[in-house]
Amino acid sequence: MFIKKLYTIFGESITMLRSPFLCLFIFVFFLSCQEERETTIKSTTTPKEITSYRKEGLAQLQKEKFNAAFYNFNKSKILSESIKDSANIVFNLIQMASIQQINGDYYGSKETITEALPYLKKEDIYAASINNIFGIAAKELFLYDDAIFYYNQAFKNTSDAITKAAPLNNIAVVYIKQNKYDKAIKILESILNTKNSAKLYQTTIARVTDNLGYAYFKKNDFDKSILLLKDGLALRDTIDDSYGSIESNLHLAEFYLKIDKREAIEHAEQAYKTATKFKSIDERLKSLSFLITVDFDLDYGQYAQQYIYLNDSITRVRNNFKNKFAKIKYDSKKEKNENQKLRLEKAENLLSMQRAEFQKILFLIGFVLLLVVIVYLQKNHRNKTKLLKIKTAYDTETRISKDIHDELANDVFQAITFAQTQSLTSEKVKESLIEKLDTIYNRVRRISRENSEIHTGANYAKNFKEVIATYSDSSRNVIVNNIEKVNWEQLDDIKKVTIYRILQELMVNMKKHSEATLIVVKFDISDAKSLIIYYSDNGKGCAMEEISKNGIQNTENRILAINGSINFDTAPNKGFKVKITVPN
């Protein structure tokens, strides 16, 4: 299982998130061999102890005895610190951080690898490994921008096309997680199309091909996607990369989910079988999770039970590892404190950690305060919105009641009286009665339109113009300019409804009070940042202080709710003008 999990160096896939953690071991091991020859150690005994602990750590890591491996690497690190052997310090810290990441302790791995930074030399051979560990931790903690930064640093630390392919692939994987599919595709295609692509490892080509297919799938380019996904799986089968085939099968299962559920299930089951063969818990969980969620005429109760059992088990195991790693580090620090030669250095490190912790606390306090303020503002905004809705509903009901009482009821009464007092056998009387009924019908339709639901879809401008036009009659002319030129799609529905209601209220007010014969509504789109609407009529106008009495004060509340503005310009016998500004 362990050797299979080292099937790539730096390589990273979409579904198998932790395979890069394990492969760091081989990479830094070979680098350490070169560095070890260059290190000059004065002591005749300590180097043997350092080498002994390190070799024991590597042996235990090979057997997947992670606690023992972590302990030996930690001992080797402490001894290396006593003689200031920076190369071995960095190597051991890399191994310790990698073990923590293998067991899901990403925060702990960041703290561990951070200890290596003071010992890192310019253009150090370990720089790529360190930045890759930081990148993995950031990605697993969903800090995708940080992950891209560290993977870019790892890319800069590599020297040839073969080793540069891995961090580039990792960057592309993060872009896919960020839904930046075009960026991911560009990077992955550049890896495959480079002039040195023939020199790449077959496992790298297979991984990049599979990730490229998955990126096209997420972009909904299904024709390219299926060809690349199948090529990736075929190449992995050809080179006997069974562990890598888990990733390909999971991608294909996701591809076929909506078009061929049977095919999707077969790929998911194959991924589960292969993951079980290699005792790969996370890949088994991913396969089981997929199988459980597929809606098919099969009983997946056994998969659900297995998923719950595995998930609970791995959670307990990883928590146990975290505690043991923390205890090993704690015990080593305690032992280090007993060494008088390093007490001053220990005090300086502790002070630095306390400062960092204090900054974290301040940041946390600030974050909590900001969160409280945001919650308060949201609640306050919701309350204001609720009150506005209640007031709007009340105003609407009042307006409907007034229209029915003042206009419709009067017309109905007149029609009834006319029918009762006139002879309906006369054609002229019949025609007169029909005209009155038609007037009543049109009034009912207008009241209905004024208070019906507003549709903000593709026909919004057409319907809006038709509603305004209903206020024209034989004694009143309503002109609407440039409404078709407005890009209504860039305005949200709330703003469309607000504009509709404001102009509706202005038209109703005009009809009741102004005695205007000419009304102009003009839409001005010259300002790219806002839509300006001008309303004017040649009615009798009113004093500015009487505006609130004319029933249009509610327009100010509406426009303020969308961060707009409304200005009135009127005077007795001077007409009525309004300027409405709505931000885009």
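In the working numbering, the protein residues as written are 33 to 616. Ideal Cβ positions, reconstructed from N, Cα and C, are used throughout, including at glycine.
- Item | Spatially closest choice to Tyr207 from Leu232, Leu469, Lys251, Gln386, by CA coordinates | In the sequence shown, residue 207 corresponds to position 175, counting from 1. Tyr207 has its Cα closest to that of Lys251, out of Leu232, Leu469, Lys251, Gln386.
- Message: Under 8 Å, with one C-beta from each stretch per pair, do the region 276-286 and the region 299-309 reach the 3-pair mark?
- Response: yes
- Item | Euclidean distance between Cα positions of Ile598 and Thr502 | Position 566 of the sequence shown, counting from 1, holds the residue named residue 598. Position 470 of the sequence shown, counting from 1, holds the residue named residue 502. About 24 Å.
- Task: Measure the C-alpha to C-alpha separation of Lys311 and Arg86 and round it to an integer number of angstroms.
- Result: By 1-based counting over the sequence shown, the position of residue 311 is 279. By 1-based counting over the sequence shown, the position of residue 86 is 54. Each residue's Cα considered, the two are about 27 Å apart.
- Where do the ends of the beta strand (DSSP E) carrying Ser562 lie? For the purposes of this step, residue 562 is taken as residue 530 along the sequence shown, with counting starting at 1. Residues 562-569.
- Query: What do you get for Asp137, buried or exposed, if any count of 16 or more other CB atoms within 10 angstroms of its CB means buried?
  - Reply: Locating residue 137 in the sequence shown gives position 105, counting from the first residue. Under this definition Asp137 is a buried residue.
- Starting from the C-beta of Lys262, find all residues in its chain whose C-beta is less than 7 Å away, skip the five residues before and the five after it, and write them out in chain order. Indexing the sequence shown from 1 puts residue 262 at position 230. For Lys262, there are no CB contacts under 7 Å within the same chain when 5 residues up- and downstream are skipped.
- If you draw a straight line from the C-alpha of Asn600 to the C-alpha of Leu563, how long is it? For the purposes of this step, residue 600 is identified with residue 568 of the sequence shown, where counting begins at 1. For the purposes of this step, residue 563 is identified with residue 531 of the sequence shown, where counting begins at 1. In the sequence under discussion, the amino acid at residue 600 is Phe, which differs from the Asn named in the question. Distance between the alpha carbons of Phe600 and Leu563: 17 Å.
- Taking the C-alpha atoms as reference points, what is the distance between Asp403 and Leu260? By one-based count along the sequence shown, residue 403 stands at place 371. By one-based count along the sequence shown, residue 260 stands at place 228. Here residue 403 turns out to be Leu, not Asp, going by the sequence shown. Cα-Cα distance, rounded: 45 Å.
- Task: Tell me, please, which residues DSSP counts as bridged to Arg508.
- Result: By 1-based counting over the sequence shown, the position of residue 508 is 476. Answer is Asp505.
- Task: Please name the residue or residues paired with Thr613 in a DSSP beta bridge.
- Result: The sequence position of residue 613 within the sequence shown is 581, counting from 1. BP columns for Thr613 point to Ile564, Ser597.
- Message: Comparing C-alpha positions only, which one of Gly573, Arg590, Leu592 sits nearest to Ala603?
- Response: As a first step, residue 603 must be located in the sequence shown, where it is residue number 571. Taking only the C-alpha atoms, the option nearest Ala603 is Gly573.
- Just checking, does the region 161-174 make contact with the region 210-230 on the three C-beta pairs under 8 Å criterion? Two segments are said to touch when three or more pairs of C-beta atoms, one from each, lie closer than 8 Å; by this definition the region 161-174 does not touch the region 210-230.
- Message: Could you tell me the alpha carbon to alpha carbon distance between Lys416 and Arg590, rounded to whole angstroms?
- Response: Here residue 416 corresponds to residue number 384 of the sequence shown, with the count starting at 1. Here residue 590 corresponds to residue number 558 of the sequence shown, with the count starting at 1. Their Cα atoms are separated by approximately 12 Å.
- Is it true that the CB of Lys517 sits closer than 8 Å to the CB of Ile486? To locate residue 486, count along the sequence shown from 1; it is residue 454. To locate residue 517, count along the sequence shown from 1; it is residue 485. Judged by beta-carbon spacing, Lys517 lies beyond the 8 Å limit of Ile486, meaning their Cβ atoms are not closer than that value.
- Item | Top-ranked residue by Cα proximity to Ala159, from Leu125, Val405, Tyr139 | Counting from one through the sequence shown, the residue named residue 159 turns up at place 127. When only C-alpha atoms are compared, the closest one is Leu125.
- Flag this pair as yes or no: are the beta carbons of Asn120 and Ser108 separated by less than 8 Å? By one-based count along the sequence shown, residue 120 stands at place 88. By one-based count along the sequence shown, residue 108 stands at place 76. Against a cut-off of 8 Å, the Cβ pair of Ser108 and Asn120 comes out as a contact.
- Report, in whole angstroms, the separation of the C-beta atoms of Ile145 and Ile162, which I expect to be a contact under 8 Å. Your numbering for residue 145 matches position 113 in the sequence shown. Your numbering for residue 162 matches position 130 in the sequence shown. With 8 Å as the limit, Ile145 and Ile162 qualify as a contact, their Cβ atoms being about 6 Å apart.
- Item | Pick from Ile134, Gln133, Phe166, Asn135 that is closest to Ala148, judged by C-alpha positions | As a working mapping, residue 148 is identified with position 116 in the sequence shown. Selected option, being the one with the closest Cα: Phe166.
- Message: Among Met576, Val510, Ile531, Lys527, whose alpha-carbon lies nearest the alpha-carbon of Asp569?
- Response: Residue numbering aside, residue 569 sits at position 537 when the sequence shown is read from its first letter. The shortest C-alpha separation from Asp569 is found at Val510.
- Task: Could you tell me the distance, in whole angstroms, from the CA atom of Tyr532 to the CA atom of Ala548?
- Result: On the sequence shown, position 500 is the one that residue 532 refers to. On the sequence shown, position 516 is the one that residue 548 refers to. Distance between the alpha carbons of Tyr532 and Ala548 is about 21 Å.
- Given that a residue counts as buried once 16 or more other Cβ atoms are within 10 Å of its Cβ, and exposed if not, what is His299? Working through the sequence shown from its first residue, we reach residue 299 at position 267. So His299 ends up on the buried side.
- Item | Val326 - DSSP class collapsed to helix/strand/coil | Residue mapping note: residue 326 aligns to position 294 of the sequence shown, counting from 1. The answer is coil: DSSP assigns Val326 none of H, G, I, E or B.
- Simplified DSSP state of Val553, which is helix, strand or coil: Working through the sequence shown from its first residue, we reach residue 553 at position 521. Strand.
- Task: Check the C-beta distance from Tyr341 over to Leu323 and give it rounded, since I have them as a contact under 8 Å.
- Result: Mapped onto the sequence shown, residue 341 falls at position 309. Mapped onto the sequence shown, residue 323 falls at position 291. Not a contact, Cβ separation roughly 15 Å.
- Query: Within 7 Å: the Cβ of Gly571 and any heavy atom of the ligand FMN?
  - Reply: The ligand FMN is not among the ligands present in this structure, which contains no ligands whatsoever.
- Excluding five sequence neighbours on each side, which residues of the same chain lie with their C-beta closer than 7 Å to the C-beta of Asp177? Position 145 of the sequence shown, counted from the first residue, corresponds to residue 177. Cβ neighbours of Asp177 within its own chain (closer than 7 Å, five residues either side excluded): none.
- Message: Quick test of your reading: Ala307 and Ile271, contact by CB under 8 Å. State the CB separation rounded to the nearest angstrom.
- Response: Counting from 1 along the sequence shown, the entry for residue 307 is found at position 275. Counting from 1 along the sequence shown, the entry for residue 271 is found at position 239. About 19 Å; that fails the 8 Å criterion.
- Going by DSSP, which residues form a beta bridge with Thr602? Walking along the sequence shown from the start, residue 602 turns up at place 570. DSSP output for Thr602 lists Phe608 as bridge partner(s).
- Task: Using the DSSP secondary-structure output, state which residues sit across from Asn513 in a beta bridge.
- Result: Locating residue 513 in the sequence shown gives position 481, counting from the first residue. For Asn513, the pairing in a beta bridge is given by DSSP as Lys554.
- Item | Beta-carbon gap between Ile203 and Ile217 smaller than 8 Å | Mapped onto the sequence shown, residue 203 falls at position 171. Mapped onto the sequence shown, residue 217 falls at position 185. Taking 8 Å as the Cβ cut-off, Ile203 and Ile217 do not qualify as a contacting pair.
- Task: Closer than 7 Å by C-beta to Gly607: which residues in its own chain qualify, once you throw out the five before and the five after it? Chain order, please.
- Result: The count along the sequence shown starts at 1 and reaches residue 607 at position 575. Same-chain partners within the cutoff: Ser568, Asp569, Asn570, Gly571, Gly573.
- State the Cα-Cα distance for the pair Gln410 and Leu394, rounded to the nearest angstrom. Start at 1 with the first residue of the sequence shown, and residue 410 comes out as number 378. Start at 1 with the first residue of the sequence shown, and residue 394 comes out as number 362. For Gln410 and Leu394, the distance between alpha carbons rounds to 24 Å.
- Cut-off 7 Å between Cβ atoms - residues of its own chain near Ala296, not counting five sequence neighbours on either side: Position 264 of the sequence shown, counted from the first residue, corresponds to residue 296. Cβ neighbours of Ala296 within its own chain (closer than 7 Å, five residues either side excluded): Ala285, Tyr288, Leu289, Val326.
- Item | Lys418 burial status per 10 Å Cβ neighbour count (16 or more: buried) | The residue you call residue 418 lines up with position 386 of the sequence shown. It is exposed - the Cβ of Lys418 has fewer than 16 other Cβ atoms within 10 Å.
- Query: So Lys468 packs on Phe450, CB below 8 Å; how close in whole Å?
  - Reply: Here the question's residue 468 lines up with position 436 in the sequence shown. Here the question's residue 450 lines up with position 418 in the sequence shown. So it is a contact: roughly 6 Å between Cβ atoms.
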